[in-house]
Structures are given as C-alpha cells and as structure tokens.
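Numbering (the UniProt record's numbering), first residue to last: 1 to 195.
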C-alpha cells in the first residue's frame with residue numbers, strides 16, 4: 001500500500017496544526033488507500049538550512065538531513081497542513097521543503113490550510129508555486145478551514161464541517177489517482193548523460 005505523509009507545517013507553541021493534521025490523517029486511514037505517516041516539524045526540529053551544497057546535488061553532510069530525506073523518500077504522496085502567517089506560510093515549512101529536491105519530485109501533494117477569514121488560501125497559493133518548482137503535482141482540491149479557533153473543542157480536537165470532510169475525501173482520492181499516474185515517472189531509469 002502506498003504511503004501518505006501528512007506534514008504539520010507549523011512549529012509555533014500553542015498551534016492547532018497538530019489537531020488538524022490528526023483529523024486529516026484519520027480521514028486518510030479510514031479511506032484505506034494509503035498507509036499514513038504523520039510528521040510534525042516541531043518534533044523533527046530541523047535547523048535553518050545548513051547543508052553546504054544545493055539540495056539538487058543530494059550531497060548531504062548532516063544526519064538530520066539524511067533522516068529527513070529518508071522520511072520524504074519513503075512517501076508516495078504528501079499532505080501539507082499549514083496555517084497562514086501574514087499572507088504566507090511558516091518559515092519552518094519553507095525550510096523543510098528547501099532541504100530536499102529529488103525526494104519531492106513526481107509526487108502528488110495536497111494542502112490543508114487554516115486561519116481566519118481567508119482560511120490559509122494565500123499560503124496555499126504560494127505553496128503551489130513552490131511545489132511546482134520541486135516538480136510536485138498539486139491536487140486540485142484543497143481543504144480550507146476558516147476561523148479555525150472556533151472549530152477546536154475543549155479537548156483540543158478539530159471538529160470538521162461536512163464540507164471540509166467532503167473536500168478531504170476528494171483530495172485523498174485525487175492523491176491516490178495522481179500517485180498511480182506519477183509512479184512511472186518516479187520509477188523510470190534515467191540514462192546517464194554524456195559530457
């Protein structure tokens with residue numbers, strides 16, 4: 001069964017991203033098309049990018065980079081859970097994306113965003129540009145959660161609306177379809193170029 005990486009993009013203390021990611025992971029587990037791995041960037045604790053060579057060269061010198069590379073390499077599809085900070089997405093998320101290149105290529109990515117009235121829409125718009133630069137394919141459907149604080153119960157659990165559940169299910173289905181379509185690109189043997 002393919003692996004879906006659900007990535008918590010915010011590391012801020014008091015964030016609700018982990019509750020939202022737990023909900024998303026549970027939807028994907030129920031869908032039963034993926035094995036689900038949830039990774040919290042706060043737990044990963046990547047320092048600001050400290051590799052001397054560009055990620056495209058894949059010359060990693062740090063153990064934390066090699067560990068992060070192995071996590072993303074093992075994923076067949078990704079869901080990024082992100083808040084919107086000042087019309088953008090968190091620096092922690094950009095940093096994690098920039099550490100790698102080949103590990104992201106030809107993989108489908110979905111977005112679950114949350115915030116105030118804009119529901120993280122601008123963060124996702126920026127992330128779609130970055131995903132394209134990393135040669136990922138964005139799922140057409142995204143889950144957008146406005147006024148997220150109102151959707152957290154007394155136990156800290158996220159309470160989705162029916163529309164959010166439908167969007168999540170559609171996105172997971174798209175990721176499964178895109179995974180199948182992109183798999184030949186990921187497994188193709190690329191001949192060495194002559195110099």
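Note that the Cβ used here is the ideal one computed from N, Cα and C, for glycine as well. The structure presented is a predicted model; accordingly, all values stated were derived computationally and were not measured.
Exposed unless 16 or more other CB atoms sit within 10 angstroms - verdict on residue i
i	result
residue 78	buried
residue 70	exposed
residue 97	buried
residue 84	buried
residue 76	buried
residue 90	buried
residue 15	buried
residue 80	buried
residue 55	buried
residue 157	exposed
residue 149	exposed
C-alpha distance - residue i paired with residue j, whole-angstrom precision
i	j	result
residue 12	residue 36	23 Å
residue 184	residue 108	13 Å
residue 195	residue 136	Residue confidence is low: residue 195 scores 46 on pLDDT, short of 50, so the model does not pin down where it sits. No coordinate-derived value is stated.
residue 188	residue 151	44 Å
residue 169	residue 9	20 Å
residue 1	residue 32	9 Å
residue 162	residue 57	44 Å
residue 39	residue 6	6 Å
residue 34	residue 22	15 Å
residue 105	residue 124	18 Å
residue 144	residue 26	17 Å
residue 120	residue 99	23 Å
residue 196	residue 172	Residue 196 lies beyond the residue range present for the chain, which begins at 1 and ends at 195; the question has no answer from this structure.
residue 165	residue 20	12 Å
residue 160	residue 29	16 Å
residue 271	residue 87	Lying before the first or after the last residue shown, residue 271 is absent from the chain, which here runs from 1 to 195.
residue 64	residue 95	13 Å
residue 140	residue 127	13 Å
residue 110	residue 59	28 Å
residue 147	residue 117	6 Å
residue 61	residue 177	35 Å
residue 122	residue 129	11 Å
Opening and closing residue of the beta strand (DSSP E) in which residue i lies
i	result
residue 3	3-8
residue 154	Neither: residue 154 is in no beta strand (DSSP E) and is coded neither H nor E.
residue 83	77-83
According to DSSP, residues forming a beta bridge with residue i
i	result
residue 35	3
residue 196	Any answer about residue 196 is impossible in this case: the structure gives the chain only from 1 up to 195.
residue 138	109
residue 143	112
N- and C-terminal bounds of the alpha helix (DSSP H) containing residue i
i	result
residue 66	63-74
residue 188	Careful: residue 188 lies outside any alpha helix (DSSP H) and carries neither H nor E.
residue 42	41-44
For the stretch 85-136, list the beta strand (DSSP E) runs that are entirely contained and at least 3 residues long, ordered along the chain. 108-114
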